[in-house]
Amino acid sequence: MTYAKSYAAWQADPETFWMDAAGAIDWDRAPSKALFEDNAPLYEWFSDGMVNTCWNAVDRHVKSGRGTQAAIIYDSPVTDTKATITYADLQTRVARLAGALAQRGVTKGDRVVIYMPMVPEALVAMLACARLGAVHSVVFGGFAAHELAVRIDDATPKAIIAGSCGIEPSRVVKYKPLLDDAIEQATHKPEFCVILQREQCLADLVDGRDFEWDAFQADAPLADCVPVEGNHPAYILYTSGTTGQPKGVVRPTGGHLVALNWTMRNVYAVEPGEVFWAASDVGWVVGHSYICYAPLIHGNTTIVFEGKPVGTPDPGTFWRVMSEHKVASFFTAPTALRAVKREDPAGDYIGKYDLSALRNVYLAGERADPDTITWAQDKLGVPIIDHWWQTELGYPAVCNPVGIELLPVKPGSPAVPMPGYAMKIVNDEGDEMPAGELGAIVTPLPLPPGTLQTLWNAEDRYLKSYLTNFPGHYETGDAGYIDEDGYLFIMARTDDVINVAGHRLSTGAMEEVLAAHPDVAECAVIGVSDALKGQAPVGFVCLSAGVDRDHGDIATECVKLIRDQIGPVAAFKQACVVSRLPKTRSGKILRATMVKIADGADYKMPATIEDPTVLDEIGAALKTLGYPG
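Numbering of the sequence shown is given in my numbering, commencing with residue 32 and proceeding in unit increments.
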């Protein structure tokens, strides 16, 4: 099978394509068909099937003889801990916690908020909810109390499962005071909380409301899996919204199982039993899809990694984990590789480890600049596969389908649409753009299985946010172009396409040029208000470790690079060197916040920001360039 044949099979008969994929899932009652259009444009998949996620992720592997295989490898350099949990052990742990939750009244459809660090118990909690048909909502561990309270009020959970703390390389983040504050702020109050006490920080428990993890489930029976409808919500995952009110993406159970299972072989090119590692966090969609669910559904071994790409203890930690655990397929964010490259530009640490098991590296979460891809390709000697998707979509929409066919890699492009997607580039009026021209990226409805079916308690907002501007299509919010070979190039969020004296320009294209400067480790370009041209681009660059040159000279060289490679039309005249860029905890650069600082506009501190103090440095740098800062 080639990519072209697989894609053509979907185009010719989507119903048969997805029903065939559904055959790899264990159904309590098989669906009568794939697509349900009764409530279009709120399409549903496999709605009349009955199925359980936990059975497919855990129990069926034990039943088929995989009980002694490692399901989860826990590797925590920040606590110097390693552990392996087999599928049989995982089944017992999950069934026990599910039994304890059921004893306290948690049933199908109830919501449970999970506020946990990167420990195996986070996956156990997610799977225990799935076992009962409860709907979990994982909130990134350490989120501010106010943001957690907003999510508690939106999801109205019966219970909250939390860790006492999270461990960072240089500090312990106490979760329990944040949780207590959030419950105090929230209008909705959970009936009870389950607290995983970590030895680095023992939390005070509220009598009658809080229960310690082990004691809570000590005498609980093992719960059976509860079948749910194919359109039953598997989870709610909140993504940031432009209004400041987070959007609760609802993931349907049946499509989630079918789509994720399909991607493990066809996208990530792994067979059951092999080790798959997504270096993310369970609080993000990557952690949901590719730390917890997809590897386990497919029968792989997944790694739960509690650490950072650098500093725990050095830029060789990724390679050490891969070597020790024989990782076959690795998934991380470009920002993580840039951090490693910045600390170890020559790749010296790579040579210290045996990476012979590693076949492919996948990048997603933000735009992967060609310079980072080229560096990783040269140093690792394996394909570096950029791929594109979103929290809303739940799994790769545009990628190089390595498990079907490794297509030629074009640095800067995540490659081609997967079955279920027919990406188009359109202008503001919805007219399709010619090859090579920049525009908004959309895809026709219906979206494929496993994508969001609505927003929690906000159907109107779902329609307005994604389906209204381009009728009959899903609006991705990203901008880019498609080349003559059908490869998609994601250049920026739609809001990051700037208008300079009437010319629509991509900040991503400028970042590509800056990233190619030999001294630049990572960079960001924003469009700031300009009285003459409407907007003007400003570049921020972080230097590789060991670079000791005049910052003014480097900035001048960056300006010249843009002028030489993009041209005077870019009107790129200002760049500055900073020590770091403001990012979310998942690695996305907070360009919109930087723009507001540059324009002197009011802004709300992003809930997901990794370190708020970085904004002070950005403001100071902008002031030196003549902006309000």
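No residue lacks a Cβ here, since even glycine has one placed at the ideal position from N, Cα and C.
Residue range of the beta strand (DSSP E) that includes residue i
i: residue 522; result: 519-524
i: residue 326; result: Here residue 326 belongs to no beta strand (DSSP E); instead the alpha helix (DSSP H) covers 325-329.
i: residue 427; result: Where residue 427 is concerned, there is no enclosing beta strand (DSSP E), given that its DSSP letter is neither H nor E.
i: residue 308; result: 306-309
i: residue 605; result: 605-608
i: residue 202; result: 202-205
i: residue 470; result: 470-475
i: residue 335; result: 332-336
i: residue 227; result: 223-227
Span separating the alpha-carbon of residue i from that of residue j
i: residue 615; j: residue 644; result: 13 angstroms
i: residue 598; j: residue 215; result: 56 angstroms
i: residue 235; j: residue 207; result: 8 angstroms
i: residue 224; j: residue 211; result: 10 angstroms
i: residue 538; j: residue 593; result: 11 angstroms
i: residue 117; j: residue 501; result: 47 angstroms
i: residue 87; j: residue 183; result: 29 angstroms
i: residue 138; j: residue 166; result: 9 angstroms
i: residue 360; j: residue 319; result: 17 angstroms
i: residue 266; j: residue 295; result: 20 angstroms
i: residue 299; j: residue 655; result: 46 angstroms
i: residue 322; j: residue 652; result: 38 angstroms
i: residue 79; j: residue 528; result: 43 angstroms
i: residue 463; j: residue 647; result: 42 angstroms
i: residue 274; j: residue 377; result: A caution first: residue 274 carries a pLDDT of 49, below 50, which makes its placement in the model too unreliable to give a value.
i: residue 447; j: residue 41; result: 14 angstroms
i: residue 354; j: residue 308; result: 12 angstroms
i: residue 381; j: residue 239; result: 51 angstroms
i: residue 96; j: residue 618; result: 39 angstroms
i: residue 458; j: residue 636; result: 32 angstroms
i: residue 258; j: residue 231; result: 38 angstroms
i: residue 158; j: residue 326; result: 13 angstroms
i: residue 45; j: residue 286; result: 14 angstroms
i: residue 102; j: residue 422; result: 25 angstroms
Closest residue to residue i among the options (Cα-Cα distance)
i: residue 608; options: 596, 600, 650 and 253; result: 650
i: residue 304; options: 290, 278 and 333; result: 333
i: residue 366; options: 403, 51, 323 and 197; result: 403
i: residue 632; options: 51, 107 and 559; result: 559
i: residue 143; options: 221, 109 and 150; result: 221
i: residue 374; options: 525, 316, 573 and 268; result: 573
i: residue 425; options: 159, 618, 193 and 283; result: 283
i: residue 254; options: 405, 509 and 123; result: 123
i: residue 470; options: 430, 443, 536 and 484; result: 536
i: residue 565; options: 250, 630 and 316; result: 630
i: residue 477; options: 66, 315, 199 and 551; result: 66
i: residue 410; options: 591, 423, 431 and 371; result: 371
i: residue 109; options: 198, 243, 256 and 362; result: 198
i: residue 468; options: 172, 420, 639 and 522; result: 522
i: residue 358; options: 438, 204 and 301; result: 301
i: residue 241; options: 135, 405 and 443; result: 135
Where the alpha helix (DSSP H) containing residue i begins and where it ends
i: residue 366; result: 365-374
i: residue 351; result: 348-356
i: residue 343; result: Counting along the chain, residue 343 falls outside any alpha helix (DSSP H), and DSSP gives it neither H nor E.
i: residue 393; result: No alpha helix (DSSP H) holds residue 393; the beta strand (DSSP E) holding it covers 391-394.
i: residue 57; result: It is not in any alpha helix (DSSP H) - residue 57 carries neither H nor E in the DSSP assignment.
i: residue 622; result: 622-630
i: residue 583; result: 582-596
i: residue 491; result: 490-493
i: residue 612; result: Run containing residue 612: none; DSSP gives neither H nor E here.
CB of residue i within 7 angstroms of CB of residue j, strictly
i: residue 306; j: residue 356; result: yes
i: residue 209; j: residue 176; result: yes
i: residue 576; j: residue 602; result: no
i: residue 415; j: residue 428; result: no
i: residue 335; j: residue 146; result: no
i: residue 58; j: residue 480; result: no
i: residue 474; j: residue 454; result: yes
i: residue 125; j: residue 162; result: yes
Residue i Cβ short of 6 angstroms to the ligand FAD heavy atom set
i: residue 97; result: Looking for the ligand FAD in the displayed structure turns up nothing, as the structure carries no ligands at all.
Residue i at chain B interface by Cβ criterion, 7 angstroms
i: residue 190; result: Of the protein chains in the structure, only one exists, and it is not chain B.
Ordered list of alpha helix (DSSP H) runs contained in the region 232-295, each at least 4 residues | 244-248
For the region 73-147, list the alpha helix (DSSP H) runs that are entirely contained and at least 4 residues long, ordered along the chain.
-> 118-134
Can you list the alpha helix (DSSP H) stretches of 4 or more residues lying completely in the region 139-200, in chain order?
-> 151-163 and 176-186
Mind listing, in chain order, the continuous beta strand (DSSP E) runs of no fewer than 3 residues lying wholly within the region 495-573?
-> 504-513, 519-524, 528-531, 534-537 and 551-561
Which ranges would you report for the alpha helix (DSSP H) in the region 428-468 if only whole runs of at least 4 residues count?
-> none
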